[in-house]
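*Asks:* Handing you a structure now.
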Amino acid sequence: MAYVAPVADILFTLNYIAGFPKLVEQGLYDDLDADTASAILEEAGKFASEQLAPLNWAGDQQGSRLIDGRVITPDGWTEAYGKWVEAGWGSLTAPKEYGGQALPHSLALAADEMWNAANMAFGLCPLLTQGAVEAINAHGSQELKDKYLAKMVSGEWTGTMQLTEPQAGSDLRFLKTRAEPQGDGTYKITGTKIYITYGDHEMTDNIIHLVLARLPDAPPGTRGISLFLVPKHLVNADGSLGARNDVYCAKLEHKIGIHASPTCVMIFGDKGGATGWMVGEPNRGLQAMFTMMIAARLAVGAQGVGIGDRAFQHALQYARDRKQGGEGDQSEPILEHPDVARMLLNMKAKVAAARAISLTAGVAMDVSFHAADAGERERAGALAALLTPVAKAYGTDVGVEVASKGIQVHGGMGYVEETGAAQHLRDARIAPIYEGTNGIQAIDLVTRKLPLGGGQVVAAHIEELRAIVRDVKASNELAFGLAAVRLSEAVDALDEATRFMLAALRDKQRAALSVATPFLRLFGVATGGVYLAKGALAAARGAGEAQARIALARHFAEHLAPETSWLKTAVTTGYSTIAEDAAAVFAA
0 MAYVAPVADI LFTLNYIAGF PKLVEQGLYD DLDADTASAI LEEAGKFASE QLAPLNWAGD
60 QQGSRLIDGR VITPDGWTEA YGKWVEAGWG SLTAPKEYGG QALPHSLALA ADEMWNAANM
120 AFGLCPLLTQ GAVEAINAHG SQELKDKYLA KMVSGEWTGT MQLTEPQAGS DLRFLKTRAE
180 PQGDGTYKIT GTKIYITYGD HEMTDNIIHL VLARLPDAPP GTRGISLFLV PKHLVNADGS
240 LGARNDVYCA KLEHKIGIHA SPTCVMIFGD KGGATGWMVG EPNRGLQAMF TMMIAARLAV
300 GAQGVGIGDR AFQHALQYAR DRKQGGEGDQ SEPILEHPDV ARMLLNMKAK VAAARAISLT
360 AGVAMDVSFH AADAGERERA GALAALLTPV AKAYGTDVGV EVASKGIQVH GGMGYVEETG
420 AAQHLRDARI APIYEGTNGI QAIDLVTRKL PLGGGQVVAA HIEELRAIVR DVKASNELAF
480 GLAAVRLSEA VDALDEATRF MLAALRDKQR AALSVATPFL RLFGVATGGV YLAKGALAAA
540 RGAGEAQARI ALARHFAEHL APETSWLKTA VTTGYSTIAE DAAAVFAA
């Protein structure tokens with residue numbers, strides 16, 4: 000079924016929930032105004048719907064192939080990528096000195112949602128290139144920037160992120176890839192990397208790999224990891240392409256989804272060593288790579304939102320068309336069935352809540368980079384840091400949940416491939432694993448983000464949520480029903496669980512780690528529900544579509560927010576079964 004980019008919903012979320020107008024009003028970005036932002040997203044939605052979405056199903060069925068040592072993407076991929084480059088979509092946030100447009104990350108994040116909703120397997124390629132550009136720009140030498148960034152910003156060359164290896168998984172302490180200094184500023188890279196998205200393809204004539212490796216004298220553990228730039232083709236002094244570097248795709252992984260996206264096993268040094276250049280300082284490669292990973296985590300969160308929205312649209316259209324049941328001998332659309340309507344409302348509300356968290360984190364990041372006041376930059380940066388693991392994990396969990404429920408709306412027709420509903424679930428399932436599993440995001444939230452500012456950052460966030468709930472209550476808008484009551488209970492649950500987690504971090508860290516995932520879920524549900532109410536309040540005050548937005552916010556508050564009650568109980572009292580009793584259960 001056709002994909003319709005939800006530009007109006009995205010713009011509403013940016014303007015009335017995430018705080019995007021602040022970027023314009025404070026003049027934080029040159030030549031940016033509301034009309035320009037709207038026009039960019041309209042064009043992005045058009046490209047997603049007209050160029051990328053039509054390739055999604057066929058690309059899934061054909062997949063990428065490794066033929067005679069070359070990775071070949073599905074039919075139409077190279078042509079679509081060429082149009083992407085020609086339209087300049089890869090340059091949205093990149094610095095102007097390298098051909099970028101220096102636009103807000105939140106705007107690019109909104110576009111990322113649409114790229115990935117239309118065609119997640121395609122959207123993964125520019126997502127990684129954009130992150131690589133940020134890492135090189137932040138940590139690379141001027142020589143590396145001058146040689147590589149312009150072509151990467153334009154999209155003429157793509158980028159990859161190469162972290163893990165067969166023996167390491169998420170535990171990067173055990174990386175074995177080696178980097179031998181050659182005495183001329185270059186290094187010979189040898190080793191194997193796995194799960195490398197777009198590690199090879201024919202859409203561009205060069206691919207720039209960012210590779211984690213160890214120097215010969217590196218200390219053990221993560222303290223001994225450095226980051227290297229390794230191009231597929233060496234680049235001559237005049238910018239032309241030189242010899243093929245010693246890096247190859249040895250195998251494509253056979254995955255349950257995103258079949259069109261080549262996931263490669265990469266071999267470095269099969270013929271003596273791939274030539275690379277260090278990015279950043281020796282033995283500080285993880286710090287440099289985290290620049291790329293943080294950007295990627297927000298983008299993958301938006302990816303979850305996008306695939307969830309695509310699955311919702313697909314299910315909604317099917318529910319309108321499919322007739323079954325009804326009075327007498329007349330059938331009615333299954334959308335008229337209350338349980339189907341319930342499922343679809345849950346799907347739409349979850350996607351909208353996850354989108355609100357994602358874009359709020361993006362706007363906070365933009366403010367942290369560009370606000371004139373140092374205090375405002377600091378506060379925005381702290382909020383962005385707090386929300387990033389939530390945006391990634393809650394957004395991608397929602398993507399899987401909504402895609403799964405989309406199959407349920409289809410009934411048996413959803414379980415066969417021909418309807419296309421199953422592809423959304425197969426594609427969505429990787430996102431909770433990408434860029435640090437959602438369990439790792441939960442640990443990051445609890446151990447690193449909650450203690451920020453001695454707990455004052457999360458306390459300020461909770462107080463902001465309370466203020467929004469007070470506004471809902473004070474509005475006396477009958478259409479909100481019990482939304483204020485249920486959201487107040489959700490924020491109270493978040494507050495109590497947060498206090499428990501901060502205390503547990505001091506006294507019983509294993510208990511805190513045991514319930515980090517339900518805590519993150521609680522955080523996402525409470526925050527997303529309140530953010531929807533914030534948008535509904537704006538609609539009630541004249542921002543538009545008041546009835547629909549209030550009804551959706553109320554549905555979330557009354558049907559989904561009560562989840563926070565049992566999540567709070569699981570966090571504050573249920574940790575002992577995991578922290579203390581799990582071994583006995585598994586031994587039985």
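Heads up: the sequence shown runs through residues 0 to 587, numbered per numbering that gives the first Met the number 0. All C-beta atoms in this analysis are idealised placements derived from N, C-alpha and C, irrespective of residue type, glycine included.
His589 bridges to which residues according to DSSP?
*Replies:* The chain is shown only over 0 to 587; residue 589 falls outside these bounds and no answer can be derived.
*Asks:* Give the single residue among Ala109, Trp114, Thr159, Arg213 whose Cα lies nearest to the Cα of Val132.
*Replies:* Walking along the sequence shown from the start, residue 132 turns up at place 133. Residue Thr159 is the option with its Cα nearest to Val132.
*Asks:* Could you have a look at Gly410 and say whether DSSP puts it in helix, strand or coil?
*Replies:* As a first step, residue 410 is located in the sequence shown; it is residue number 411 there, counting from the start. Correct three-state label for Gly410: helix.
*Asks:* State the Cα-Cα distance for the pair Gly300 and Ala502, rounded to the nearest angstrom.
*Replies:* Mapped onto the sequence shown, residue 300 falls at position 301. Mapped onto the sequence shown, residue 502 falls at position 503. Looking at the two C-alpha atoms, the distance is approximately 29 Å.
*Asks:* How is Leu343 classed by DSSP in three states: helix, strand or coil?
*Replies:* Taking the sequence shown and counting its residues from 1, one reaches residue 343 at position 344. Here Leu343 sits in helix by DSSP.
*Asks:* Identify which residue in Ile293, Lys231, Leu521, Thr497 has its Cα closest to the Cα of Val70.
*Replies:* Position 71 of the sequence shown, counting from 1, holds the residue named residue 70. Of the candidates Ile293, Lys231, Leu521, Thr497, the one whose C-alpha sits nearest the C-alpha of Val70 is Lys231.
*Asks:* Considering only their Cβ atoms, is the gap separating Ala298 from Leu126 smaller than 8 Å?
*Replies:* The count along the sequence shown starts at 1 and reaches residue 126 at position 127. The count along the sequence shown starts at 1 and reaches residue 298 at position 299. In this structure, Ala298 lies closer than 8 Å to Leu126 by Cβ.
*Asks:* Cβ of His554 within 8 Å of Cβ of Ala402?
*Replies:* Reading the sequence shown from its first residue, position 555 is the one you call residue 554. Reading the sequence shown from its first residue, position 403 is the one you call residue 402. Contact: no.
*Asks:* Compute the beta-carbon to beta-carbon distance between Gly534 and Leu559, rounded to the nearest angstrom, for a pair I have assumed lies under 8 Å.
*Replies:* Here residue 534 refers to the residue found at position 535 of the sequence shown. Here residue 559 refers to the residue found at position 560 of the sequence shown. That pair is no contact at about 15 Å.
*Asks:* Closest by CA to Trp565, which one among Ser575, Ala583, Ala532, Pro517?
*Replies:* Your numbering for residue 565 matches position 566 in the sequence shown. Checked all of Ser575, Ala583, Ala532, Pro517; the closest Cα to Trp565 is Pro517.
*Asks:* Within the same chain, show all residues whose beta-carbon is closer than 7 Å to that of His104, passing over the 5 residues directly before and after it, in chain order.
*Replies:* By one-based count along the sequence shown, residue 104 stands at place 105. Closer than 7 Å at Cβ, skipping near neighbours: Thr92, Gly361, Met364, Asp365.
*Asks:* Tell me which residues share the same chain as Tyr97 and place their Cβ nearer than 6 Å to its Cβ, disregarding the 5 neighbours each side in the sequence.
*Replies:* Along the sequence shown, one-based indexing puts residue 97 at 98. Closer than 6 Å at the Cβ level, and outside the excluded window around Tyr97, lie Leu148, Ala149, Val152.
*Asks:* Throw me the rounded Cβ distance for the Ala353 and Gly380 pair, which I believe falls under 8 Å.
*Replies:* Indexing the sequence shown from 1 puts residue 353 at position 354. Indexing the sequence shown from 1 puts residue 380 at position 381. The Cβ separation is near 22 Å, so there is no contact.
*Asks:* Going by DSSP, which residues form a beta bridge with Trp276?
*Replies:* Walking along the sequence shown from the start, residue 276 turns up at place 277. Leu228, per the DSSP bridge assignment.
*Asks:* Does the Cβ-Cβ distance between Ala430 and Gly398 come in under 8 Å?
*Replies:* Mapped onto the sequence shown, residue 430 falls at position 431. Mapped onto the sequence shown, residue 398 falls at position 399. Contact flag set, yes.
*Asks:* Taking C-beta to C-beta, are Leu536 and Leu551 nearer than 8 Å?
*Replies:* Here residue 536 refers to the residue found at position 537 when the sequence shown is read from its first residue. Here residue 551 refers to the residue found at position 552 when the sequence shown is read from its first residue. No, the pair does not count as a contact, with Cβ atoms beyond the cut-off.
*Asks:* On the CB-based measure, 16 or more other CB atoms within 10 Å of its CB, does Leu481 come out buried or exposed?
*Replies:* As a first step, residue 481 must be located in the sequence shown, where it is residue number 482. With fewer than 16 Cβ atoms within 10 Å of its Cβ, Leu481 is classed as exposed.
*Asks:* Rounded to the nearest angstrom, how far is the Cβ of Phe267 from that of Thr189, given a contact under 8 Å?
*Replies:* If you number the sequence shown from 1, residue 267 lands on position 268. If you number the sequence shown from 1, residue 189 lands on position 190. The pair is a contact, with the Cβ atoms about 6 Å apart (cut-off 8 Å).
*Asks:* Only counting the same chain, and skipping five residues up and downstream in sequence, which positions put a Cβ closer than 7 Å to that of Gln50?
*Replies:* The residue given as residue 50 occupies position 51 in the sequence shown. These residues qualify, in order along the chain: Ala79, Lys82.
*Asks:* Determine, using beta-carbon pairs with one atom in the stretch 330–347 and one in the stretch 493–507, whether at least three such pairs fall under 8 Å.
*Replies:* no
*Asks:* Give the straight-line distance between the Cα atoms of Ile439 and Gly223, rounded to the nearest whole angstrom.
*Replies:* On the sequence shown, position 440 is the one that residue 439 refers to. On the sequence shown, position 224 is the one that residue 223 refers to. Whole-angstrom Cα-Cα distance: 21 Å.
*Asks:* Just reading off the alpha helix (DSSP H) that Glu41 is part of, what are its end residues?
*Replies:* Locating residue 41 in the sequence shown gives position 42, counting from the first residue. Start and end: 33–46.
*Asks:* Grouping DSSP H, G and I as helix and E and B as strand, with all else coil, what is Lys192?
*Replies:* Start at 1 with the first residue of the sequence shown, and residue 192 comes out as number 193. Here Lys192 sits in strand by DSSP.
*Asks:* Since His208 contacts Gln161 with CB under 8 Å, what's their CB separation in whole angstroms?
*Replies:* Taking the sequence shown and counting its residues from 1, one reaches residue 208 at position 209. Taking the sequence shown and counting its residues from 1, one reaches residue 161 at position 162. Confirmed, Cβ separation roughly 5 Å.
*Asks:* Within this structure, are the beta carbons of Tyr28 and Leu22 separated by less than 8 Å?
*Replies:* The residue given as residue 28 occupies position 29 in the sequence shown. The residue given as residue 22 occupies position 23 in the sequence shown. Cβ atoms of Tyr28 and Leu22: closer than 8 Å.
*Asks:* Quick check: the stretch 251–266 against the stretch 417–430, are there 3 or more CB pairs under 8 Å?
*Replies:* yes
*Asks:* Where are the alpha helix (DSSP H) runs, 4 residues long or more, that stay fully inside the stretch 363–422, in chain order?
*Replies:* 373–409
*Asks:* My guess is that Leu251 and Leu65 are in contact by the Cβ rule of under 8 Å, so how many angstroms apart are they, rounded?
*Replies:* Counting from 1 along the sequence shown, the entry for residue 251 is found at position 252. Counting from 1 along the sequence shown, the entry for residue 65 is found at position 66. Right, their Cβ atoms sit about 5 Å apart.
*Asks:* Answer with buried or exposed for Asp372, where buried requires no fewer than 16 other C-beta atoms within 10 angstroms of its C-beta.
*Replies:* If you number the sequence shown from 1, residue 372 lands on position 373. Asp372 is exposed by the Cβ-count criterion.
*Asks:* Does the stretch 505–517 come within contact of the stretch 451–470, defined as at least 3 CB pairs closer than 8 Å?
*Replies:* Because the criterion of three Cβ pairs below 8 Å is not met, the stretch 505–517 and the stretch 451–470 do not touch.
*Asks:* For Gly198, list the residues DSSP reports as bridge partners.
*Replies:* Sequence index remark: in the sequence shown, residue 198 carries index 199 (1-based). Answer is none; Gly198 lacks a bridge partner.
*Asks:* Please report the distance separating the alpha-carbon of Asn115 from that of Gly305.
*Replies:* Residue numbering aside, residue 115 sits at position 116 when the sequence shown is read from its first letter. Residue numbering aside, residue 305 sits at position 306 when the sequence shown is read from its first letter. In this model, Asn115 and Gly305 are separated by some 6 Å (Cα to Cα).
*Asks:* Have a look at Ala33 and Ala1 and give me their C-alpha separation to the nearest angstrom.
*Replies:* As a working note, residue 33 is residue 34 in the sequence shown. As a working note, residue 1 is residue 2 in the sequence shown. For Ala33 and Ala1, the distance between alpha carbons rounds to 28 Å.
*Asks:* Taking Cβ to Cβ, would you say Val415 is nearer than 8 Å to Phe522?
*Replies:* Taking the first residue of the sequence shown as position 1, residue 415 is located at position 416. Taking the first residue of the sequence shown as position 1, residue 522 is located at position 523. The Cβ atoms of Val415 and Phe522 lie no closer than 8 Å to each other.
*Asks:* With H, G and I counted as helix, E and B as strand and the rest as coil, what does DSSP make of Thr262?
*Replies:* For the purposes of this step, residue 262 is identified with residue 263 of the sequence shown, where counting begins at 1. In the three-state reduction of the DSSP assignment, Thr262 falls in the strand class, which pools E and B.
*Asks:* Starting from the Cα of Glu400, find the closest Cα among Leu343, Arg447, Arg378 and give me that residue.
*Replies:* Reading the sequence shown from its first residue, position 401 is the one you call residue 400. If we check each option's Cα against that of Glu400, Leu343 comes out closest.
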